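> There's a structure below that I have some questions on.
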Amino acid sequence: MKWIVLVLVLVGILLLVYRMTLKVKDKVTAGKIIKLSVQGKKSSKLNKQTCSFCRKKQKKLIFYSDEQGRVVGVCPVCKQQAERRALMRL
Ligand SMILES: [Zn+2]
153 MKWIVLVLVL
163 VGILLLVYRM
173 TLKVKDKVTA
183 GKIIKLSVQG
193 KKSSKLNKQT
203 CSFCRKKQKK
213 LIFYSDEQGR
223 VVGVCPVCKQ
233 QAERRALMRL
């Protein structure tokens, strides 16, 4: 009767291994989804705004209203230039 116990143990181990591989597969797909969402975030980061003065792409712009009442986005480098022109900060 010992072989029945052995078979049961073996089946149990097989089931455990099967469950573990299933979990790993789940993790892999989850990882892929996370990677995709990260890539989406990256593409939105690429959508940087350009400075109205130096035309350099900047993450953070300071917005001013110019003499014509237009909104200009200015990078921290050109901020002084904008302030010299006495632009209204928005
Ligand atoms: Zn600039």
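Residues in the sequence shown are numbered from 153 upward in steps of one, following the numbering used here. Glycine included, every Cβ here is placed at the ideal spot set by N, Cα and C. Here the structure is a predicted model, which means the values were calculated and not measured.
(1) Taking 7 Å as the cut-off, is the C-beta of Phe205 nearer than that to any heavy atom in ligand 1?
(2) Provide the residue(s) that pair with Gln210 in DSSP beta bridges, ordered along the chain.
(3) If you run the structure through DSSP and keep just helix, strand and coil, what is Gly225?
(4) Does at least one heavy atom of ligand 1 sit under 7 Å from the Cβ of Val169?
(5) Straight-line CA distance for Arg236 to Cys230?
Answer, in terms of the structure:
(1) yes
(2) Gln201
(3) strand
(4) no
(5) 10 Å
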